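Engineer: When we follow our numbering, the leftmost residue of the sequence shown carries the number 58, and every step to the right adds one.
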Amino acid sequence: MVGRGAGRRTFLSNLVALYGVHAATYVLPLLTTPFLARMLGPAALGLLVFAQAFGGLLGMLVQYGFDFSANREVARVRDDPARLADVLADVLSARLLLAVLAACLALIASAFVPMLHAHPALLWASVFWALAQASNMMWYFVGMERAAVASTLDVATKALATVGIFALVRGPADAWWVPVLNGGAALLSSALALRIAHRDVPMLRPSPGRAFAALKSGWSMFLFSAATSISATGSAFLLGLFVEPRLLGYYNGADRIARAFQGVLQPLNRALYPRFNRAAHSSLAEVRALLPTGLRLLGGIGLLLCLMVALGAPLWVRVLLGPEFAPAVPILRVLALLPLVVSINLVLGILWLLPLGLDRAFNTVVIGGTLLNALLIVLLVPTHGLLGMASAVVLGESAVFVGLLVVCRPTLRGRPEKEVERASVTP
Numbered sequence: 058m059v060g061r062g063a064g065r066r067t068f069l070s071n072l073v074a075l076y077g078v079h080a081a082t083y084v085l086p087l088l089t090t091p092f093l094a095r096m097l098g099p100a101a102l103g104l105l106v107f108a109q110a111f112g113g114l115l116g117m118l119v120q121y122g123f124d125f126s127a128n129r130e131v132a133r134v135r136d137d138p139a140r141l142a143d144v145l146a147d148v149l150s151a152r153l154l155l156a157v158l159a160a161c162l163a164l165i166a167s168a169f170v171p172m173l174h175a176h177p178a179l180l181w182a183s184v185f186w187a188l189a190q191a192s193n194m195m196w197y198f199v200g201m202e203r204a205a206v207a208s209t210l211d212v213a214t215k216a217l218a219t220v221g222i223f224a225l226v227r228g229p230a231d232a233w234w235v236p237v238l239n240g241g242a243a244l245l246s247s248a249l250a251l252r253i254a255h256r257d258v259p260m261l262r263p264s265p266g267r268a269f270a271a272l273k274s275g276w277s278m279f280l281f282s283a284a285t286s287i288s289a290t291g292s293a294f295l296l297g298l299f300v301e302p303r304l305l306g307y308y309n310g311a312d313r314i315a316r317a318f319q320g321v322l323q324p325l326n327r328a329l330y331p332r333f334n335r336a337a338h339s340s341l342a343e344v345r346a347l348l349p350t351g352l353r354l355l356g357g358i359g360l361l362l363c364l365m366v367a368l369g370a371p372l373w374v375r376v377l378l379g380p381e382f383a384p385a386v387p388i389l390r391v392l393a394l395l396p397l398v399v400s401i402n403l404v405l406g407i408l409w410l411l412p413l414g415l416d417r418a419f420n421t422v423v424i425g426g427t428l429l430n431a432l433l434i435v436l437l438v439p440t441h442g443l444l445g446m447a448s449a450v451v452l453g454e455s456a457v458f459v460g461l462l463v464v465c466r467p468t469l470r471g472r473p474e475k476e477v478e479r480a481s482v483t484p
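(1) So Asp136 is in the alpha helix (DSSP H); what residue range does that whole segment cover?
(2) Could you tell me the distance, in whole angstroms, from the CA atom of Leu104 to the CA atom of Gly275?
(3) Between the beta-carbon of Pro259 and the beta-carbon of Leu149, is there less than 8 angstroms?
(4) Mind reading off the beta-carbon distance from Trp233 to Ala182? Whole number of angstroms is fine, and I expect it under 8 angstroms.
(5) Check for me: the alpha helix (DSSP H) holding Arg256 runs from which residue to which?
(6) Return the chain-ordered ranges of every alpha helix (DSSP H) run that is complete within the segment 196 to 234 and spans a minimum of 4 residues.
(7) Between Leu162, Arg256, Ala284 and Phe125, which lies nearest to Ile424 when the distance is taken from Cα to Cα?
(8) Taking Gly310 as the reference, give the member of Ala159, Ala293 and Pro171 with the closest Cα.
(9) In angstroms with no decimal places, state the Cα-to-Cα distance between Phe458 and Gln120.
(10) Which residue marks the beginning of the alpha helix (DSSP H) containing Thr285, and which one marks its end?
(11) DSSP three-state label for His441, please.
(12) Closer than 8 angstroms is the cut-off here; do at least three beta carbon pairs connect the segment 211 to 224 with the segment 149 to 166?
(13) Go through the segment 307 to 383 residue by residue and report every complete run of the alpha helix (DSSP H) that reaches 4 residues or more, in order.
(14) According to the Cβ coordinates, are Thr421 and Ile287 closer than 8 angstroms?
(15) Just to confirm my understanding: we take Ala189, look at its own chain, exclude 5 residues before and 5 after, and list those with CB closer than 6 angstroms. What are they?
(16) Counting only runs that start and end within the segment 386 to 452, where is the alpha helix (DSSP H) found for 4 or more residues in a row?
(17) Let me know the secondary structure DSSP gives Pro263 once reduced to three states.
(18) List the whole-angstrom C-beta distance separating Arg111 from Ala166, where the pair is believed to meet the contact cut-off of C-beta under 8 angstroms.
(19) Just to confirm my understanding: we take His441, look at its own chain, exclude 5 residues before and 5 after, and list those with CB closer than 8 angstroms. What are they?
(20) Is the separation between the beta-carbon of Leu403 and that of Val366 shorter than 8 angstroms?
(21) Quick one: what does DSSP say Glu301 is sitting in, helix, strand or coil?
(22) Just to confirm before moving on: does the CB-CB distance between Ala100 and Pro349 stay below 8 angstroms?
(23) Check Met172 in the structure and name its three-state DSSP category.
(24) Suppose you measure from the CA of Gln319 to the CA of Ala370; what does that come to, to the nearest Å?
(25) Going by other Cβ atoms of all chains shown within 10 Å of its Cβ, with 16 needed for buried, is Ser400 buried or exposed?
(26) According to DSSP, is Ser126 helix, strand or coil?
(27) Taking 8 angstroms as the cut-off, decide whether the C-beta atoms of Val199 and Pro396 are in contact.
(28) If the criterion is Cβ atoms closer than 8 angstroms, does the pair Val451 and Phe299 meet it?
(29) Under three-state DSSP, which class holds Ser292?
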């Protein structure tokens, strides 16, 4: 009983800390949204969104899905300092290598993408932000169930960045300050968190061998992470290739509100993930018993968020974006479906398939949904505009839901030992 009580306290502490990170990641930027919408206007905001969407794709490359693959490994070996040091050094080595690759890709894009070529300051500020954000240490501290350490740093530094945005952004020409300040905050938080981590485990020298080992072990989760990022961040970049910046600004305003509500799910999901991993590592029956709890918690919150966004769409747009962004209201009503669909997908995918080691099946479904999303954008945006874009995103996520139901059905009805054994021999 004492052990169970201590575990519950650890989980709740971790959950509170992760909601602190959520506040810094989603709520603080949401507070700046009305300010930026008015200071920049739809056109300049659209340019900022396009540059940050490209930066986000580079950040996805550098993050490489380590938030899941390395987090899972940390949760399993957290009582072994030597193994923890290896995991930490492997991930840092891989991210250094990937950062160099990302910088090379940015150079190429600056020459061939007209909108990026015309605004180099905004491009490189966004690349800096993305690489700094990708260096975060949250994966390590969440796996250790010590999220309060990293979240305190994250909240404090992002609050400083928010103050800087209010102080320095005065017009469309100041848009580059937004990624510079947010990137500086992320880099400072990551550096301090890394120093704290090395108080507990020895610092090992990064090396190419460690980098390639981490890339190999995290490949399956990179596929999932890439598919997720392309579906979210990449969609804005793809839309920017079809429409003018002003229209991209309208869509981003609605998308930012919808994603902020959807982001409420992530702290709970990340707090549950190490617990489901440990349960699956010890007993399949134990992780199966946890599944209804995850469904009730995440599914119930997802439904509530869906209703709040759909019913309050005119209010959210008027208060957070201003009357100039009125065309974003119908877009937001379509995107309101995302929190509900995503909440179920998180349970079936992150909390069930991944702890069982069924990464390949999960990735297949997510990648399929991403490809469908991209195809629908190409088909729907030219004829249906921004509503077509919103519909493509929701339909892509719904396709993931259907795919996950098909994949999960055999493991939920019967004993998943055979599926787990099969997954254990696949890369």
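Every residue gets a Cβ at the ideal spot worked out from N, C-alpha and C, and that includes glycine. Note that the coordinates shown come from a computational prediction; the quantities given were computed from them, not determined experimentally.
Structural biologist: With the structure as the only source:
(1) First-last for Asp136: undefined, no H or E at that position.
(2) As the crow flies, the alpha-carbon of Leu104 is around 33 angstroms from that of Gly275.
(3) Cβ atoms of Pro259 and Leu149: not closer than 8 angstroms.
(4) Yes, Trp233 and Ala182 are in contact; Cβ-Cβ is about 4 angstroms, under 8 angstroms.
(5) Element bounds for Arg256: Trp234 to Asp257.
(6) For the segment 196 to 234, whole alpha helix (DSSP H) runs of length 4 or above, ordered along the chain, are 204 to 225.
(7) Closest by C-alpha distance to Ile424, out of Leu162, Arg256, Ala284 and Phe125, is Ala284.
(8) For the options Ala159, Ala293 and Pro171, the alpha carbon positioned closest to that of Gly310 is the one of Ala293.
(9) If you take the alpha carbons of Phe458 and Gln120, they lie about 24 angstroms apart.
(10) Counting along the chain, the unbroken alpha helix (DSSP H) around Thr285 starts and ends at Trp276 to Ser286.
(11) Here His441 sits in helix by DSSP.
(12) Touching, no, given that fewer than three Cβ pairs across the two stretches are closer than 8 angstroms.
(13) Residue ranges of uninterrupted alpha helix (DSSP H) with 4 or more members, entirely inside the segment 307 to 383 and ordered along the chain, are 322 to 339, 341 to 368 and 370 to 377.
(14) No, they are not a contact pair.
(15) Result list for Ala189: Gly240, Ala243 and Leu244, in chain order.
(16) When DSSP assignments are scanned along the segment 386 to 452, the uninterrupted stretches of alpha helix (DSSP H) that are 4 or more residues long and fall wholly within it turn out to be 395 to 402.
(17) In this structure, Pro263 counts as coil in the three-state DSSP scheme.
(18) As written in the sequence, residue 111 is Phe, which differs from the Arg given in the question. About 6 angstroms separates the two Cβ atoms, so the contact holds.
(19) Excluding sequence neighbours, His441 sits near Ser448.
(20) Contact: no.
(21) Three-state result, Glu301: coil.
(22) Cβ atoms of Ala100 and Pro349: not closer than 8 angstroms.
(23) Met172: helix per DSSP, three-state reduction.
(24) Distance between the alpha carbons of Gln319 and Ala370: 14 angstroms.
(25) Label assigned to Ser400: buried.
(26) Three-state result, Ser126: helix.
(27) Val199 places its beta carbon 8 angstroms or farther from that of Pro396.
(28) No; because the gap between Cβ atoms is not below 8 angstroms, this pair is not in contact.
(29) Looking at Ser292 - three-state DSSP - the assignment turns out to be helix.
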